[in-house]
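**Student:** These protein sequence lines are chains A and G, in that order. Heads up: take any position in the first sequence, counting from 1, add 53, and you land on our numbering. Heads up: take any position in the second sequence, counting from 1, add 53, and you land on our numbering.
Number of protein chains: 2
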Amino acid sequence: MKRTSHISELREIIAIEKSRGRRIALIPTMGYLHRGHLALVEQAKQRGALIVLSIFVNPLQFGPNEDYTSYPRDLEKDAHLVETAGVDVLFHPTSEEMYPLPMVTYVEVGQLDAVLCGANRPGHFRGVATVVSKLFHIVQPDLAFFGQKDYQQYLIIRRMVGDLNLPIEVCPVPIVRDFDGLALSSRNVFLTSEQRQEALILSQSLNEAEKLLRAGERSARVLETRIKEKITNESQGVIDYVEVREAQNLSEVTRIENPVLVALAVRFGSTRLIDNKVMEVNPLV
Amino acid sequence: MKRTSHISELREIIAIEKSRGRRIALIPTMGYLHRGHLALVEQAKQRGALIVLSIFVNPLQFGPNEDYTSYPRDLEKDAHLVETAGVDVLFHPTSEEMYPLPMVTYVEVGQLDAVLCGANRPGHFRGVATVVSKLFHIVQPDLAFFGQKDYQQYLIIRRMVGDLNLPIEVCPVPIVRDFDGLALSSRNVFLTSEQRQEALILSQSLNEAEKLLRAGERSARVLETRIKEKITNESQGVIDYVEVREAQNLSEVTRIENPVLVALAVRFGSTRLIDNKVMEVNPLV
Numbered sequence: 054m055k056r057t058s059h060i061s062e063l064r065e066i067i068a069i070e071k072s073r074g075r076r077i078a079l080i081p082t083m084g085y086l087h088r089g090h091l092a093l094v095e096q097a098k099q100r101g102a103l104i105v106l107s108i109f110v111n112p113l114q115f116g117p118n119e120d121y122t123s124y125p126r127d128l129e130k131d132a133h134l135v136e137t138a139g140v141d142v143l144f145h146p147t148s149e150e151m152y153p154l155p156m157v158t159y160v161e162v163g164q165l166d167a168v169l170c171g172a173n174r175p176g177h178f179r180g181v182a183t184v185v186s187k188l189f190h191i192v193q194p195d196l197a198f199f200g201q202k203d204y205q206q207y208l209i210i211r212r213m214v215g216d217l218n219l220p221i222e223v224c225p226v227p228i229v230r231d232f233d234g235l236a237l238s239s240r241n242v243f244l245t246s247e248q249r250q251e252a253l254i255l256s257q258s259l260n261e262a263e264k265l266l267r268a269g270e271r272s273a274r275v276l277e278t279r280i281k282e283k284i285t286n287e288s289q290g291v292i293d294y295v296e297v298r299e300a301q302n303l304s305e306v307t308r309i310e311n312p313v314l315v316a317l318a319v320r321f322g323s324t325r326l327i328d329n330k331v332m333e334v335n336p337l338v
Numbered sequence: 054m055k056r057t058s059h060i061s062e063l064r065e066i067i068a069i070e071k072s073r074g075r076r077i078a079l080i081p082t083m084g085y086l087h088r089g090h091l092a093l094v095e096q097a098k099q100r101g102a103l104i105v106l107s108i109f110v111n112p113l114q115f116g117p118n119e120d121y122t123s124y125p126r127d128l129e130k131d132a133h134l135v136e137t138a139g140v141d142v143l144f145h146p147t148s149e150e151m152y153p154l155p156m157v158t159y160v161e162v163g164q165l166d167a168v169l170c171g172a173n174r175p176g177h178f179r180g181v182a183t184v185v186s187k188l189f190h191i192v193q194p195d196l197a198f199f200g201q202k203d204y205q206q207y208l209i210i211r212r213m214v215g216d217l218n219l220p221i222e223v224c225p226v227p228i229v230r231d232f233d234g235l236a237l238s239s240r241n242v243f244l245t246s247e248q249r250q251e252a253l254i255l256s257q258s259l260n261e262a263e264k265l266l267r268a269g270e271r272s273a274r275v276l277e278t279r280i281k282e283k284i285t286n287e288s289q290g291v292i293d294y295v296e297v298r299e300a301q302n303l304s305e306v307t308r309i310e311n312p313v314l315v316a317l318a319v320r321f322g323s324t325r326l327i328d329n330k331v332m333e334v335n336p337l338v
């Protein structure tokens, strides 16, 4: 595996591979990698492309009171993990390499960025779209892989790619969960053992909502209320949001007919966790 | 010369040329071409690249009360002109080809877009940066050529390319003027012969400001005032702005020490003309 923190060196490596006709896959991450990230690598390997994995904790997507400085980091452990997993190139730039000048240019994906996590984290998705746009221009991948735990992020990147004609296939990869159902997240490391146990309520409540839907419930509000009640009654979690929205474009839903995204964000102590599930009225058709 | 209005066909043409190791030059235009545009083609030819010239009157960069519908168009004349000039590929997409869905993604270049034409045309440079970003992703050029008559646009694109790590060299090309000094513009066609004669005051007042600077005047306000007085006293032109700003970043100037951009926008009837000149205190050093 090659490693570099320099854009120019990365571009040279990629240019050589492209000149050999090799396709390029990009996996953008913030590091502190877990099996969810490794599932992205697995998917990329199946496409036969050269795999570039980036690790960059992007200051642009953190709000002033968010956890940029405390976000977990362990570059050497990550490097060992991805080398074993079969990544070809690890790109781990510094902030100075990514932002040598004060940024004045931003990419904004309207509408999709105003709801769910966007409503609670102003500027977050602008920071995400901008840094992903930069990484796309640096790596010029044919394929890019994003985990569906950040489902809204995946939709935003997919729409950005379409609206701006980026010649990139955006590949979603399903959420990877721990043995007990907790969605894997770098931030899980901050949970106390009690909080971790309580956080199981997130996936459990999503599963219960799906059972309700399959049993015939079609009201988005009823599903949201049931999830909120369950979280509030059975844990100390403080709800940021629980929402049912159209899976294709995050627009509002009253009566469920098309595939929906059921998404939630809940705080346990100072740790904010997200989870979601895409549900269909009739998954067998 | 190849011609296409389809993104997919254009991409195929370019992919073949790239696979032969050919560099690609992009010249984005809104058509109704004049010798100013042909100077861009000349510059591109000197770089030995395959020349792609796009003609697209971009609705996104026109305000609701601006001249999008009346903007002059003559595709067949343009096609003949650029074929003779040595353009390799003419790309003339429809609005539906460029914007098949309602756009929700925008590229904004802050600070630089808030002054001069940006102050008078809200949303204009957001529309420019967004469509140029799309064209860059479609064509993936190595070089892109922009005329310095739209000096602010050139600075904005150059900054966008830097901030977003686009692997493109942005090449500015000097203003081309008519025999009498009027800066060439597709909008000149709208001037009556009296207005056209009066509009000579624009280049004349810029030249006079430069003489003042060379004679030792260092006050930006004095230069601006002299230009405004000259335009107001000697024509019916209605001034949008006359401003002296740092040529590198458009920041404010009081005492002139570094190269400055002297830029103006003036309306003659319903036709809004712009002109500018970059001036240095001591151009011989």
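Ideal placement from N, C-alpha and C gives every residue a C-beta, glycine not left out. Quick caveat, the model's predicted, so the values are computed rather than measured.
Report yes or no: do the stretch 97–111 of chain G and the stretch 189–196 of chain G share at least 3 C-beta pairs separated by less than 8 Å?
**Tutor:** yes
**Student:** Quick check on this structure: which residue in G:A138, G:F109, G:V135 has the alpha carbon closest to the alpha carbon of P125 of chain G?
**Tutor:** G:F109
**Student:** Smallest Cα separation from Y294 of chain G: which of G:E287, G:V315, G:V306, G:A68?
**Tutor:** Of the listed residues, the one whose Cα sits closest to Y294 of chain G is G:V315.
**Student:** Can you give me, in chain order, the residues of the stretch 105–127 of chain G that have a beta carbon less than 8 Å from any beta carbon in chain A?
**Tutor:** none
**Student:** Taking 8 Å as the cut-off, decide whether the C-beta atoms of V142 of chain G and I66 of chain G are in contact.
**Tutor:** yes
**Student:** Run through chain G and tell me which residues come within less than 9 Å of P220 of chain A, C-beta to C-beta.
**Tutor:** R64, H190, I191, Q193
**Student:** For a cutoff of 8 Å on Cβ pairs, would you count D216 of chain A as touching chain G?
**Tutor:** yes
**Student:** Taking all protein chains shown into account, do 16 or more other C-beta atoms lie within 10 angstroms of the C-beta of T82 of chain A, making it buried, or fewer, making it exposed?
**Tutor:** buried
**Student:** Give a yes or no on whether 8 Å exceeds the smallest Cβ distance from S186 of chain A to chain G.
**Tutor:** yes
**Student:** What is the residue span of the alpha helix (DSSP H) that A97 of chain A lies within?
**Tutor:** 88–99
**Student:** Using the beta-carbon of each residue, which ones in chain A are nearer than 9 Å to G176 of chain G?
**Tutor:** Residues of chain A passing the Cβ test: none, with the nearest at roughly 13 Å.
**Student:** Throw me the rounded Cβ distance for the T158 of chain G and R212 of chain A pair, which I believe falls under 8 Å.
**Tutor:** Right, their Cβ atoms sit about 6 Å apart.
**Student:** Return helix, strand or coil for A172 of chain G, following the three-state DSSP convention.
**Tutor:** helix
**Student:** Whose C-beta lies closer than 7 Å to the C-beta of D231 of chain G among residues of the same chain, with five residues either side of it excluded?
**Tutor:** L237
**Student:** Here's the rule I'm using: 16 or more other beta-carbon atoms within 10 Å means buried, otherwise exposed. How should L154 of chain A be labelled?
**Tutor:** exposed
**Student:** Count the other C-beta atoms from every protein chain shown that fall within 10 angstroms of the C-beta of K55 of chain A, then say buried if there are 16 or more, exposed otherwise.
**Tutor:** Exposed is the call here.
**Student:** Determine the contact status of S107 of chain A and L217 of chain A, defining contact as a CB-CB distance below 8 Å.
**Tutor:** no
**Student:** Starting from R211 of chain G and walking both ways along the alpha helix (DSSP H), at which residues does that stretch end?
**Tutor:** 204–216
**Student:** Hey, G215 of chain A and E251 of chain A are a contact pair by Cβ (cut 8 Å); roughly how many whole angstroms apart?
**Tutor:** The Cβ separation is near 39 Å, so there is no contact.
**Student:** Taking only the alpha-carbon atoms, compute the straight-line gap between K264 of chain G and K281 of chain G and give it to the nearest angstrom.
**Tutor:** 16 Å
**Student:** Pick helix, strand or coil for T82 of chain A, following the three-state DSSP scheme.
**Tutor:** strand
**Student:** Identify the contact partners of R212 of chain G in chain A, using a Cβ-Cβ distance below 9 Å as the criterion.
**Tutor:** L154, V157, T158
**Student:** Do three or more CB pairs link the stretch 112–131 of chain G to the stretch 176–183 of chain G at distances below 8 Å?
**Tutor:** yes
**Student:** Exposed or buried, which one is P312 of chain A when buried takes at least 16 other CB atoms within 10 Å?
**Tutor:** exposed
**Student:** Strictly below 8 Å CB to CB, what residues from chain A border L165 of chain G?
**Tutor:** V157
**Student:** Could you tell me whether the stretch 301–308 of chain G touches the stretch 271–280 of chain G, where touching means 3 or more Cβ pairs closer than 8 Å?
**Tutor:** yes
**Student:** Skipping 5 residues on each side, what residues in its chain have a beta carbon closer than 7 Å to that of E287 of chain A?
**Tutor:** Here E287 of chain A has I254 as same chain residues with Cβ atoms under 7 Å from its own Cβ, once five neighbours each way along the sequence are excluded.
**Student:** So G343 of chain A and D131 of chain A are supposed to be a Cβ contact under 8 Å. How far apart are they, rounded?
**Tutor:** Absent from the structure is residue 343 of chain A, since the part of chain A shown begins at 54 and ends at 338.
**Student:** In whole angstroms, give me the CA-to-CA distance for S323 of chain A and V242 of chain A.
**Tutor:** 12 Å
**Student:** Could you name each continuous alpha helix (DSSP H) segment of 4 residues or more that falls completely within the stretch 143–167 of chain G, going from the start of the chain to the end?
**Tutor:** 148–151
**Student:** Counting only Cβ pairs nearer than 8 Å, list the residues of chain A close to V162 of chain G.
**Tutor:** Per Cβ cutoff of 8 Å: V157, T158.
**Student:** Inspect the beta-carbon positions of K71 of chain G and I80 of chain G and report whether they are closer than 8 Å.
**Tutor:** no
**Student:** Roughly how many whole angstroms lie between the Cα atoms of A318 of chain G and N329 of chain G?
**Tutor:** Looking at the two C-alpha atoms, the distance is approximately 9 Å.
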